[in-house]
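In the working numbering, the protein residues as written are 131 to 593.
Following: one structure in structure tokens, then a few remarks.
Below, the structure is given as structure tokens:
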């Protein structure tokens with residue numbers, strides 16, 4: 131049955147990668163693939179239980195004779211729920227952070243960004259835009275950051291070509307900014323939840339490579355920018371009003387929301403509870419402050435209105451379903467032991483983490499980075515390095531392979547707009563075609579990626 135599940139997984143990945151051609155929603159494909167894989171596993175794969183979980187299954191049976199019913203009960207309770215729990219840890223964290231962003235957005239806490247970015251200098255605007263996006267994405271997920279920053283760009287830039295160029299830079303800066311912290315993207319969060327990286331070491335390793343890749347790409351795009359920006363003349367400057375709180379309240383809420391997210395790794399280290407618990411603590415505190423600050427408005431006809439666009443909410447729901455579907459599909463194949471053949475083949479024929487990282491990066495050009503990361507974690511499961519082999523040591527917790535995998539998927543997802551949810555948002559919001567992106571952006575991203583990869587090698591091998 132292993133070949134059948136592998137083929138089904140590959141077909142699902144192919145449909146996800148060709149979403150623009152087949153017009154099938156990638157979240158729907160991922161969920162269907164995940165459910166179908168587990169149905170096949172339960173129906174035709176009882177023999178894998180005794181091979182993969184001999185001790186746990188023996189303890190579960192006790193003195194009872196082996197039967198199909200007991201095997202399926204064991205799979206449902208002891209095997210399937212393990213993958214559901216892993217997926218739910220990521221999903222609950224996403225739900226908490228999405229709610230935090232919504233509270234901050236509803237209170238106008240991000241309105242300062244448009245004020246800070248308003249300038250006539252195209253180069254100054256580009257560096258400010260990329261810098262803000264890079265830092266904001268390190269705290270929020272890159273999809274939310276991209277949608278928020280594209281809205282800012284649209285409200286400031288008058289020309290369509292300008293919005294397309296700056297929008298592409300927003301996607302690149304968000305993908306790379308989200309990659310260098312464990313709370314900045316679903317992919318890096320998955321590495322943290324799976325226990326293969328620790329926040330501080332991970333960020334120290336990836337900050338310089340991600341920054342260099344971002345800066346080099348920005349330098350290459352600069353020559354396509356006009357000397358002066360055409361701004362939207364009607365764009366209003368920031369001012370306090372009666373419908374939302376003043377500047378002091380907005381800054382306070384922004385500090386609680388963003389500062390609280392930065393404290394989540396410390397919360398996890400002290401309590402050993404899942405990261406989503408820390409995110410829920412930040413959300414609850416911010417929610418209480420929001421209720422106290424807007425008490426009068428919430429009890430009047432001028433209740434704070436909901437400014438988060440429905441398109442963003444729909445995209446967030448798709449992301450959640452997509453993560454669940456991919457996690458279940460990859461988990462079913464992992465339970466058959468089929469991924470071990472990939473590990474053995476790579477150890478015998480590749481035996482180099484940089485080659486593996488580049489392969490994963492190429493995969494993420496067409497597949498979403500979430501798919502590549504979850505597949506990579508399941509395939510190259512972390513093992514203690516006890517034989518002195520540098521190649522094996524790279525796959526241990528905090529080994530060099532895991533930040534390399536995250537970096538390669540981040541830059542790979544930026545080569546084409548179809549490599550990430552953020553890229554799809556750019557295509558929808560600014561009507562950017564894949565051909566235009568390949569012509570003006572893709573080559574520059576590859577050059578920036580290579581520069582960052584060189585820095586990664588220097589940081590990990592020589593420093």
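Positions of the beta carbon are idealized from the N, C-alpha and C atoms, including for glycine.
#1: Could you tell me which residues DSSP puts in a beta bridge with residue 107?
#2: The alpha helix (DSSP H) spanning residue 76 covers which residue range?
#3: Just to confirm my understanding: we take residue 288, look at its own chain, exclude 5 residues before and 5 after, and list those with CB closer than 7 Å. What are they?
#4: Do you know how far the Cα of residue 550 is from the Cα of residue 316?
#5: Does the beta-carbon distance from residue 511 to residue 139 come in below 9 Å?
#6: Which residue from 499, 416, 588 and 351 puts its Cα closest to that of residue 379?
#7: Using 8 Å as the cut-off, can you tell me whether the region 489-509 makes contact with the region 534-543, which would need three or more C-beta pairs spanning the two stretches below that distance?
#8: Should residue 294 and residue 562 be called a contact, given that it needs their Cβ atoms to be closer than 9 Å?
#9: What does a CB cutoff of less than 7 Å around residue 72 pick up in its chain, not counting 5 residues either side in sequence?
#10: Does DSSP put residue 394 in a helix, a strand or coil?
#11: Is residue 274 buried or exposed, if buried means 16 or more other CB atoms sit within 10 Å of its CB?
#12: If distances are taken between C-alpha atoms only, which option among 325, 345, 421 and 469 comes closest to residue 398?
#13: I need the straight-line Cα distance from residue 350 to residue 577, nearest angstrom please.
#14: Is residue 358 helix, strand or coil by DSSP?
#15: Terminal residues of the continuous alpha helix (DSSP H) containing residue 526?
#16: Given residue 143, which residues of its chain have a CB within under 7 Å of its CB, disregarding the five upstream and five downstream residues?
#17: Is residue 197 helix, strand or coil when you go by DSSP?
#18: What runs of the alpha helix (DSSP H), each 4 residues or longer, lie entirely inside the region 206-288?
#19: State whether the region 526-534 contacts the region 476-489, with contact taken as three or more CB pairs (one from each stretch) at a distance under 8 Å.
#20: If we ignore side chains and look at the alpha-carbon of each, how far apart do residue 352 and residue 567 end up?
#21: Can you list, in chain order, the residues of its chain whose CB lies under 7 Å from that of residue 472, leaving out five sequence neighbours each side?
#22: Have a look at residue 255 and residue 248 and give me their C-alpha separation to the nearest angstrom.
#23: Contact check, residue 227 vs residue 271 under 8 Å by CB: the rounded distance?
#24: What are the boundary residues of the alpha helix (DSSP H) that residue 479 is part of?
#25: Just to confirm, are residue 413 and residue 151 a CB contact at a threshold of 9 Å?
#26: Please go through the same chain and pick out, in chain order, the residues whose beta-carbon is closer than 8 Å to the beta-carbon of residue 284, but skip the five residues on each side of it.
#27: Please report the distance separating the alpha-carbon of residue 596 from that of residue 250.
#28: Give the straight-line distance between the Cα atoms of residue 589 and residue 338, rounded to the nearest whole angstrom.
#29: Three Cβ pairs or more, each shorter than 8 Å: is that satisfied between the region 181-198 and the region 154-167?
#30: State the start and end residues of the unbroken alpha helix (DSSP H) segment that holds residue 405.
#31: Give the range of the alpha helix (DSSP H) segment to which residue 535 is assigned.
#32: So, for residue 592: in the same chain, excluding its five sequence neighbours on each side, which residues have a beta-carbon less than 7 Å away from its beta-carbon?
#33: Determine the closest residue to residue 225 out of 201, 470 and 313, with distance taken between C-alpha atoms.
#34: Whose CA, out of 269, 330, 218 and 278, lies closest to the CA of residue 306?
#35: Determine whether the beta carbon atoms of residue 467 and residue 181 lie at a separation below 9 Å.
#36: Leaving out the 5 sequence neighbours to the left and right, which residues in its chain are closer than 7 Å to residue 136 when beta-carbon positions are compared?
Taking the coordinates as given:
#1: Nothing can be reported for residue 107, as the shown portion of the chain is limited to 131 through 593.
#2: Nothing about residue 76 can be read from this structure; the chain reaches only from 131 to 593.
#3: Within the chain shown, residue 288 is the residue found at index 158, counting from 1. Contacts found: 360, 361 and 362.
#4: On the chain shown, position 186 is the one that residue 316 refers to. On the chain shown, position 420 is the one that residue 550 refers to. In a straight line, the C-alpha of residue 316 is about 11 Å away from that of residue 550.
#5: Working through the chain shown from its first residue, we reach residue 511 at position 381. Working through the chain shown from its first residue, we reach residue 139 at position 9. Not a contact, by the Cβ cut-off of 9 Å.
#6: Translated into positions along the chain shown, residue 379 becomes position 249. From the listed residues 499, 416, 588 and 351, the smallest Cα separation to residue 379 is found for 416.
#7: With contact defined as three or more Cβ pairs closer than 8 Å, the region 489-509 and the region 534-543 are in contact.
#8: On the chain shown, residue 294 is found 164 positions in, with the first residue counted as 1. On the chain shown, residue 562 is found 432 positions in, with the first residue counted as 1. Result yes, Cβ atoms of residue 294 and residue 562 sit closer than 9 Å.
#9: Nothing can be reported for residue 72: it is not among the residues displayed for the chain, which extend from 131 to 593.
#10: Taking the chain shown and counting its residues from 1, one reaches residue 394 at position 264. Taken through DSSP and simplified to helix, strand or coil, residue 394 comes out as helix.
#11: Working through the chain shown from its first residue, we reach residue 274 at position 144. With 16 or more Cβ atoms within 10 Å of its Cβ, residue 274 is classed as buried.
#12: On the chain shown, position 268 is the one that residue 398 refers to. Relative to the Cα of residue 398, the nearest Cα in the group 325, 345, 421 and 469 belongs to 325.
#13: As a first step, residue 350 must be located in the chain shown, where it is residue number 220. As a first step, residue 577 must be located in the chain shown, where it is residue number 447. Their backbone Cα atoms lie some 9 Å apart in a straight line.
#14: Locating residue 358 in the chain shown gives position 228, counting from the first residue. Residue 358: strand per DSSP, three-state reduction.
#15: For this step, residue 526 is matched to residue 396 along the chain shown. Careful: residue 526 lies outside any alpha helix (DSSP H) and carries neither H nor E.
#16: The residue you call residue 143 lines up with position 13 of the chain shown. Around residue 143: 497 and 501.
#17: Here residue 197 corresponds to residue number 67 of the chain shown, with the count starting at 1. Residue 197 sits in coil when the DSSP states are folded into three classes, being neither helix nor strand.
#18: Counting whole runs of 4 or more residues, the region 206-288 contains the alpha helix (DSSP H) stretches 211-236, 241-247, 252-267 and 272-286.
#19: Taking 8 Å as the limit for Cβ pairs, the verdict is that the region 476-489 does touch the region 526-534.
#20: Here residue 352 is taken as the residue at index 222 of the chain shown, counted from 1. Here residue 567 is taken as the residue at index 437 of the chain shown, counted from 1. Distance between the alpha carbons of residue 352 and residue 567 is about 15 Å.
#21: Along the chain shown, one-based indexing puts residue 472 at 342. Result list for residue 472: 509, in chain order.
#22: As a working mapping, residue 255 is identified with position 125 in the chain shown. As a working mapping, residue 248 is identified with position 118 in the chain shown. So the two alpha carbons sit approximately 7 Å from each other.
#23: In the chain shown, the residue the question calls residue 227 occupies position 97. In the chain shown, the residue the question calls residue 271 occupies position 141. About 6 Å separates the beta carbon of residue 227 from that of residue 271, a gap short enough to meet the 8 Å contact definition.
#24: Walking along the chain shown from the start, residue 479 turns up at place 349. Counting along the chain, the alpha helix (DSSP H) containing residue 479 begins and ends at 469-479.
#25: Mapped onto the chain shown, residue 413 falls at position 283. Mapped onto the chain shown, residue 151 falls at position 21. One thing to note: residue 413 has its Cβ no nearer than 9 Å to the Cβ of residue 151.
#26: Mapped onto the chain shown, residue 284 falls at position 154. These residues qualify, in order along the chain: 293, 559 and 560.
#27: Any answer about residue 596 is impossible in this case: the structure gives the chain only from 131 up to 593.
#28: What you label residue 589 is simply residue 459 of the chain shown in a count that begins at 1. What you label residue 338 is simply residue 208 of the chain shown in a count that begins at 1. Counting only the Cα atoms, residue 338 lies some 8 Å from residue 589.
#29: Here the region 181-198 makes no contact with the region 154-167; the two share fewer than three CB pairs at distances below 8 Å.
#30: For the purposes of this step, residue 405 is taken as residue 275 along the chain shown, with counting starting at 1. Under the DSSP assignment, residue 405 falls in the alpha helix (DSSP H) whose first and last residues are 405-423.
#31: If you number the chain shown from 1, residue 535 lands on position 405. Per DSSP, residue 535 is one residue of the alpha helix (DSSP H) stretching across 531-545.
#32: As a working mapping, residue 592 is identified with position 462 in the chain shown. Sequence-distant Cβ neighbours of residue 592 in its own chain, meaning closer than 7 Å and more than five residues away, do not exist here.
#33: Along the chain shown, one-based indexing puts residue 225 at 95. Ranked by Cα distance from residue 225, the options 201, 470 and 313 are led by 313.
#34: In the chain shown, residue 306 corresponds to position 176, counting from 1. Distances from the alpha-carbon of residue 306 to those of 269, 330, 218 and 278 put 269 closest.
#35: As a working note, residue 467 is residue 337 in the chain shown. As a working note, residue 181 is residue 51 in the chain shown. Yes, these two residues count as a Cβ contact at 9 Å.
#36: The residue labelled residue 136 in the question sits at position 6 within the chain shown. Answer for residue 136: 463 and 468, listed in chain order.
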